[in-house]
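Only one structure is covered here, and it is reproduced in the block below.
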Amino acid sequence: MIRKLNLLGLLLSIAVLHSSAVAQGSFDPAKLDTARLDTTLTRLVENNRWMGSIAIAKNGKIIYTKAVGFYGSDGSTKLASTPEVKYRIGSISKMFTAVMIFQLIDEHKLKLETKLSAFFPEISNAKLITIEQMLRHHSGLHSFTDDSDYADWMTVPHTRDQMIDIIKKSAPDFAPGEKGVYSNTNFVLLGYILERIMKSSYAEQLKARITSKIGLKNTYYATKIRADHLEAASYRFKANEWIAQPETDPSIPGGAGSVISTPSDLATFLWAIFDNKLVSKKSLEIMTTMKDGFGAGMFKTPFYQLYSFGHSGSIDGFRSFASFFPRDSTIISFIANGVNIDFNDVIVDVTSLVYGRKSDIPSYAIEPDVPVPAEILALCQGTYLSKELGMEFLIAKADDQLTGRAFGQPAFPLRMTGDLKFGYAKAGIEILFHKNESGLVDQFTITQHGSSTIFARK
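Each position in the sequence shown, counted from 1, maps to that position plus 3 in my numbering.
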């Protein structure tokens, strides 16, 4: 029997939902085992699994912060990371954009019901798409970052007019309000709307409305990465070394992904949001109200009896996740500039330590992957659609392995476990590809803890 699979929650924080640890009560800073946290991060970097920075805060006060690995190089010398190093945060930028949009709403300069056509009438369905639908990813606007040629031009600076031309050429993915599907296009346009209303740049508004207001000294709109300004480059681990990744030009993701920050600044930012220093209580309630799994610039992520509000991010080799637990006003913030492990595993392990996990710290030793035959890679790659969930899923090739992801979300690795059968053990996921009469793969079944969903090739 095919039953509905909660893929949205899975893809927001895959392993968080399936960790063997159970969160215990509230976080007590006096009981935080910093030595175990230090050991966890040290093992990660020693095994070339992860490098970056984390911060843990309670009631707006930073309790713990640590950085591991390196953020750049000076010739042959690697520059060791410190908590002061700044990173690109990817889609966590959307929370900054959402806050500024809600500030405009609080100031009566914009309404949730305002149509996109008031600013960009040339975009398809603009007369039907509202600001709220864009904030909640219910607009139907196609995400240009999903286009097959995106990697060919993402490093080249683009003007706003050029970006609008790219956006308006794409047909809508669905009718506005029909469902929720993550799209970076929504927040690129929301950033442009902020600029039009205020007649100043996103960078200027970010400084005036947020960073200067709450004292964020290490958060700003990105430019070309500058190591001499303690700005991290991003890396991918390949052939036993960390290799620098190309830089997406900030002019492209804009309000969807062009902010640079530190974990400590992100913790301060989240606290300011929930302490009503940046938006009204009414606006915060709207932001944290979920519809089809989407808040208005935020997501809600469960951790057993606890839950948090926040956002994840992914750009180039950077990965990030920042979350606020309302039960005890705890904030955990992560930014990585090199990931050779499922990023969610790190989130689970650190969160479990914060909330009293008693199991052993993983070794993080790298298990060799079994190469997937080239003919299997070719058969399985492609875009698949679940009509039941209204969700698209991309199966992609990464060297001699496969990865899976829902559009707009981070990819996760798939390990071959049998003929056309793959798995992601950390989340209890199995994927079985099916051939049609012509011998071509035309669908797959994804199963998680007994619940299954069919995705057909699009």
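Just so you know, even glycine gets a beta-carbon here, dropped at the ideal spot from N, CA and C.
- Query: Cβ atoms of S323 and S311: under 9 Å apart, would you say?
  - Reply: no
- Message: Just to confirm before moving on: does the CB-CB distance between L192 and M137 stay below 9 Å?
- Response: yes
- Task: Please specify which runs of the alpha helix (DSSP H), each continuous and at least 4 residues long, are wholly inside the stretch 365-405, giving them in chain order.
- Result: 377-383
- Message: Using C-beta distances below 8 Å, list every residue in its chain close to K182, excluding the 5 sequence neighbours before and after it, in chain order.
- Response: H141, D295, G393
- Task: Taking L107 as part of the alpha helix (DSSP H), name the residues at either end of that continuous run.
- Result: 96-109
- Message: Can you list, in chain order, the residues of its chain with a C-beta nearer than 7 Å to that of G78? Leave out the 5 residues immediately preceding and following it.
- Response: none
- A414: first and last residue of the uninterrupted beta strand (DSSP E) it sits in: Neither: A414 is in no beta strand (DSSP E) and is coded neither H nor E.
- the stretch 327-344 in contact with the stretch 220-239 per 3-pair CB rule at 8 Å: yes
- Taking 9 Å as the cut-off, decide whether the C-beta atoms of L197 and I255 are in contact. no
- My understanding is that L115 touches I108, with C-beta atoms under 8 Å, so please give their C-beta distance in whole angstroms. 6 Å
- Where D363 falls, given that 16 or more other Cβ within 10 Å makes a residue buried: exposed
- Buried or exposed by the 16-neighbour rule on C-beta atoms within 10 Å, applied to D482: An answer regarding residue 482 cannot be provided, because it is not within the stretch 4 to 461 covered by the chain.
- Compute the beta-carbon to beta-carbon distance between A178 and R91, rounded to the nearest angstrom, for a pair I have assumed lies under 8 Å. Not a contact, Cβ separation roughly 34 Å.
- Message: Would you call the stretch 206-221 in contact with the stretch 54-70, where contact means no fewer than 3 C-beta pairs closer than 8 Å?
- Response: no
- Candidates D268, S317, I276, L443: which alpha carbon is nearest F415's? S317
- Per-residue burial, L44 [other beta carbons within 10 Å of its own, 16 or more giving buried]: buried
- Please go through the same chain and pick out, in chain order, the residues whose beta-carbon is closer than 8 Å to the beta-carbon of S332, but skip the five residues on each side of it. K61, N62, G63, W274, F277
- Message: Going by the DSSP bridge assignment, what does K81 pair with across the sheet?
- Response: S76
- Message: Would the stretch 161-179 count as touching the stretch 116-135 if we require 3 or more Cβ pairs under 8 Å?
- Response: yes
- Tell me the DSSP bridge mates of W53? V342
- Query: Got a sec: does the ligand MG put a non-hydrogen atom nearer than 8 Å to the Cβ of G298?
  - Reply: Among the components of this structure there are no ligands whatsoever, and the ligand MG is therefore not found.
- Query: Helix or strand or just coil, what does DSSP make of R229?
  - Reply: coil
- Quick one: give me the first and last residue of the alpha helix (DSSP H) that D168 is part of. 163-171
- Query: With burial defined as no fewer than 16 other Cβ atoms inside 10 Å of the residue's Cβ, what is the status of G453: buried or exposed?
  - Reply: exposed
- With 16 as the cutoff for other CB atoms within 10 Å, does L443 come out buried or exposed? exposed
- For the stretch 429-459, which segments carrying the beta strand (DSSP E) assignment without a break, of at least 3 residues, lie completely within its bounds, in sequence order? 432-438, 444-451
- Below 9 Å between beta carbons: does that hold for D403 and V375? yes
- To the nearest angstrom, report how far apart I344 and T450 are at their CA atoms. 22 Å
- Secondary structure at G93, three-state DSSP: helix, strand or coil? helix
- Measure from the alpha carbon of G260 to the alpha carbon of each residue in L82, T456, K97, then state which is nearest. K97
- To which residues of the same chain is T42 closer than 8 Å at the C-beta, ignoring the five residues directly before and after it? I364
- Where the beta strand (DSSP E) through G296 begins and ends: Per DSSP, G296 belongs to no beta strand (DSSP E) and is neither H nor E.
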